[in-house]
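Structure first, commentary second.
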Amino acid sequence: MKTLKIAIQKSGRLNEKSVELLKNCGLTFENYKSSLISTVANFPLEILFLRDDDIPEYVQDGIADLGIVGENVIGETQVDVAYIERLGFGKCSLKIAIPIQSDITTLEDLNGKAIATSYPIILKKYLIEKNINADIRTISGSVEIAPGLGLSHAICDLVSTGGTLKSNGLKPFLDVLHSEAILIGRKNEENPLIQELQQRVQSVLRAKETKYVVLNCESKHVEAIKALLPGIKSPTVVPLLENEWVAVHTVISEKDFWKKINQLKLAGAQGIVVMPIEKIIL
Ligand code: PRT
Ligand code: ZN
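Position one of the sequence shown corresponds to residue 701 (our numbering), numbered consecutively onward.
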């Protein structure tokens with residue numbers, strides 16, 4: 701069968717997490733910083749290390765079969781690719797931000813104003829959708845300094861913590877796009893190797909969202925505790941040597957983890973042990 705190719709970022713914010721995800725999928729490869737291609741020893745796959753901006757087009761044009769890239773880059777390169785899996789890392793928002801002292805207060809106030817950005821295509825679409833006529837100034841980097849230099853009244857840039865905006869005297873004004881890393885492929889592609897890889901990615905993501913929990917409780921509390929724990933099917937309950945005590949094994953979603961733990965304690969759970977899960981195969 702033909703060897704698959706996956707394109708990931710060579711260096712930058714998505715590199716480490718992309719490599720980690722592939723390794724967690726059981727793929728063995730050298731993460732050569734200096735080379736452009738790495739061959740996976742135990743799966744028919746080659747990894748191409750590229751600038752993130754090139755990844756969507758490489759996938760669209762068939763040079764790579766798969767890619768891992770931020771949604772913001774996909775939107776800006778205007779490619780037609782399939783979203784295979786949202787990966788949950790590299791989360792950020794493309795925001796319009798304005799100087800803290802700005803007199804812009806409503807969306808309409810952006811009419812006739814200059815907005816500096818490295819995302820002219822996404823911004824243009826957004827402004828057309830909102831019926832705003834602003835002047836888009838495309839610059840390739842350090843967008844946050846544009847208002848201070850008198851180049852624009854606002855900016856449209858990626859924000860994660862908001863620290864960069866703050867330290868440049870700017871504040872978030874409007875959300876244009878929420879973004880995260882996406883596993884992309886070509887549309888209408890039916891390749892069993894891609895499906896195999898997708899299943900592995902899903903099992904790693906599922907495991908990341910959950911924790912394995914073991915707790916002890918008196919038998920009389922088991923029903924109340926079971927009611928709090930859906931598990932994958934239902935929790936496993938094992939008797940302890942001490943009479944009238946049991947151990948309950950289950951998985952808990954990362955999302956409402958602390959809420960659930962507190963509810964379990966109130967319901968009589970003791971000695972709660974929490975462990976990471978490597979993979980969940982359904
Ligand atoms: O070299 P290459 O072209 O491959 O990389 P790059 O320099 O273009 O991109 P890189 O590595 O900076 O980011 C890769 C991807 O990470 C982006 O396309 C986003 O999908 C995602 N990502 C997540 C971010 C951020 N968070 C982020 N905070 N990309 C950039 N930023 C920048 C932002 O532009 C701003 O300058 O970080 C600054 C703001 O951060 P905060 O935390 O101060 O708000
Ligand atoms: Zn880039």
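Don't be surprised by glycine CBs; every beta carbon is placed ideally from N, CA and C.
Within its own chain, the residues whose Cβ lies closer than 7 Å to the Cβ of S852, once the five positions on either side in sequence are excluded, are A814, I815, A816, R837, A846, listed in chain order. A residue is called buried when at least 16 other Cβ atoms come within 10 angstroms of its Cβ; D780 does not meet this threshold and is exposed. R751 has its CB nearer than 7 Å to a heavy atom of the ligand ZN. At least 8 Å separates the beta-carbon of S840 from that of S867.
The residue among A741, E808, L849 with its C-alpha nearest the C-alpha of N831 is E808. Between the region 932-945 and the region 960-967, the count of Cβ pairs shorter than 8 Å is below three; the stretches do not touch. When DSSP states are grouped into helix, strand and coil, A947 belongs to the strand group.
Counting of Cβ neighbours within 10 angstroms places G767 among the buried residues, the total reaching 16 or more. Around the beta-carbon of Y758, 16 or more other beta-carbon atoms lie within 10 Å, marking it buried.
Of the heavy atoms belonging to the ligand PRT, none sits nearer than 7 Å to the Cβ of Q902.
Rounded to the nearest angstrom, the gap between the Cα atoms of L722 and V901 is 8 Å. Considering only L787, E944, G712, H949, the residue with the shortest C-alpha distance to L929 is H949. For P847, there is no enclosing beta strand (DSSP E), as DSSP marks it with neither H nor E. Three or more Cβ pairs closer than 8 Å define a contact, and the region 736-755 falls short of that threshold against the region 854-865.
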